[in-house]
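Following the numbering used here, the numbering of the first sequence begins with 2 at its first residue and continues without gaps. Okay, so here's the structure we're looking at.
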Amino acid sequence: MLDIKMLRDDVETIITALNRRGDDFGYLRDVVKWDDERRVLVQKVEEFKKERNDKSKLIGEMKRKGEDTTAIMNEVADFGDKIKTEDDKIAELEKKIFDALAMTPNVPRETLAEGDEDHNVCLKMWGEPRKFTFKPKPHYEIAEDLDIVDFERASKISGSRFATYKGLGAKLERALIAYMLDMHTEEQGYLEFIPPFMVNSKTMFGTGQLPKFSEDMYHVDGTDNWLIPTAEVPLTNYNQDEIIQNAQFPIKMTAYTPCFRQEAGSAGRDTRGLIRQHQFNKVELVMYAHPEHSYEALDMLTDEAEEVLRRLNLPYRVMQLATGDLGFCSANTNDLEVWMPGFDTYREISSCSNCLDFQARRANIRFRDENGKVEFIHTLNGSGVAVGRCFSAILENYQNEDGSVTIPEILVPYMGGVTKIEKRK
RNA sequence: GGAGUAGUACUCAAGUUGGCCGAAGAGGUGCCCCUGCUAAGGGUAUAGGGCGGGAAACUGUCGCGAGGGUUCGAAUCCCUCCUACUCCGCCA
């Protein structure tokens, strides 16, 4: 949520900056106009209220003394209605302002390239894609040949875009989760959570999924609950409506959760394999940062997600998203893209964003700063990393000509000593 | 899911015949004093926050779980909802 006071001060600058996303945000001029009207009404109604409060107090005193109060009571008789009329007008304006701001995305960082995803900037390349002596297969063929992921039966029991992991496939997925969580918690200082996988609408609003993106998520019929599309939602909202005392920034949280997404807008895309599922596993990293240091926190967060890939020795690149590719809440996003030999391309495996105070304002998360002043925190989130996509990248990068897959060294302890996945006899 | 009880400031807690309650008291915390240190004692201060006005000092308004309503006036009366606890039912 953008700050209405900031809009008031300089709406044109903000509109110009927002328009770099590729939409027209000229309607914000109306929002400022509504806010002006609102403030005039507030002053008017508060005068009424003061008069009513003063007179009511007087009535109380007079009654105690046994004086006659009919005259003064007649005087204030219609104040209630007058106040209500004005309050209703104010509420109407506030709703219009709120609704408009609730649908307005965050302002992109000035330094970002303008344009769609073709304008994303590569910040970094890491690792050397392996030279294959045979034609590398896509992960879904490897997985099906090894019988470690079953797509067909998953669609029988659930529908399209579901998968069932089996045997060493299930174990590899679990090993990845444990490996990531151990590194984030034991070495990088994250506190591990197992949050609810269902959250209410207010929480979904806090991280920006609602009101605009309800069709991307699963709603639980007959309740106010939604299945989380990412652990960012329960983690970022953890301190919702709080003023954090003695905050030691950055506050780092991590969680493994399944994620549920309708993928409504991506019919026909990535239909084969594990890349785009309605349910997938993810280890998420969330940070609360001091407003003055959130971009340092973003660098830290991105690097800590990258470390997952480096230790697995998976080649990747870091892409800074252009303004048009940016998510709703984000001011600046670094995507990690892992090399997928089976697709002969890099695919997104993590997305690390600085949302500044945009989510904190929505979720009302504040802290008391050095001077005792209450301020909104900055929130960041990133995948550390998407487990299914990481699983796929391992199959593709570590495949052997005979169809087996070598287990990356760092995962062997988590695999109970298994060094290679081979076809079961 | 049923029945009952409760939700007041950092914490505990008084306040329900509506007005002297934006809220007693205690603890905690800050500052001051006292006794050589400590323990103990005395005094004093302690809604925070949202939304407005103001250059500022300061000031208005809203805040007693949330939202509505009754009234000149609501912590107090009425309605709806949420949460916690206890009992019952069901259950990993």
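We put the beta carbon where it would ideally sit given N, CA and C, even for glycine.
With a threshold of 16 other beta carbon atoms within 10 Å, Asn-121 meets it and is buried. The alpha carbon of Gly-23 has as its nearest neighbour, out of Ala-323, Asp-88, Leu-3, Val-319, the alpha carbon of Ala-323. In this structure, Leu-337 is the residue among Asp-358, Leu-337, Glu-402 with its C-alpha nearest to the C-alpha of Arg-390. Within 10 angstroms of the beta-carbon of Met-320 lie 16 or more other beta-carbons, which makes it buried. Cys-391 carries a helical assignment under DSSP once its states are collapsed to helix, strand and coil.
DSSP lists no beta-bridge partner residue for Trp-35.
Boundaries of the alpha helix (DSSP H) harbouring Leu-310: 295-312, taken from the DSSP string.
Phe-206 and Glu-243 have their alpha carbons spaced roughly 16 Å apart.
Here His-294 is exposed. Its C-beta has fewer than 16 other C-beta atoms within 10 Å. The beta carbon of Leu-42 sits closer than 8 Å to the beta carbons of Glu-87, Lys-90, Ile-91, Leu-94 from its chain, once the five residues preceding and following it are set aside; these are given in chain order. Under DSSP, the beta-bridge partners assigned to Met-126 are Arg-318. Following the DSSP letters along the chain, one finds Ala-18 inside the alpha helix (DSSP H) bounded by residues 12-20. A straight line joining the alpha-carbon of Met-181 with that of Leu-299 spans about 18 Å.
Beta-bridge partners assigned by DSSP to Ser-351: Leu-337.
The three-state reading of DSSP puts Leu-59 in helix, counting H, G and I together.
By the Cβ test, the stretch 181-198 is not in contact with the stretch 341-357, since fewer than three Cβ pairs between them sit closer than 8 Å. With contacts defined as CB atoms closer than 9 Å, Leu-275 and Ala-144 qualify as a contacting pair.
Contact check for Ser-159 against His-279 passes: the beta carbons are separated by less than 9 Å.
Between the beta-carbon of Ala-387 and that of Phe-214 there is about 19 Å, and that puts the pair past the 8 Å contact cut. In the three-state scheme derived from DSSP, where H, G and I count as helix and E and B as strand, Asn-398 is classed as helix. According to the DSSP secondary-structure assignment, Cys-260 is paired through a beta bridge with Phe-281.
Assigned with DSSP and collapsed to three states, Ile-73 falls in helix. By the Cβ test, the stretch 30-41 is not in contact with the stretch 121-136, since fewer than three Cβ pairs between them sit closer than 8 Å.
Beta bridge pairing from DSSP links Glu-95 with no other residue.
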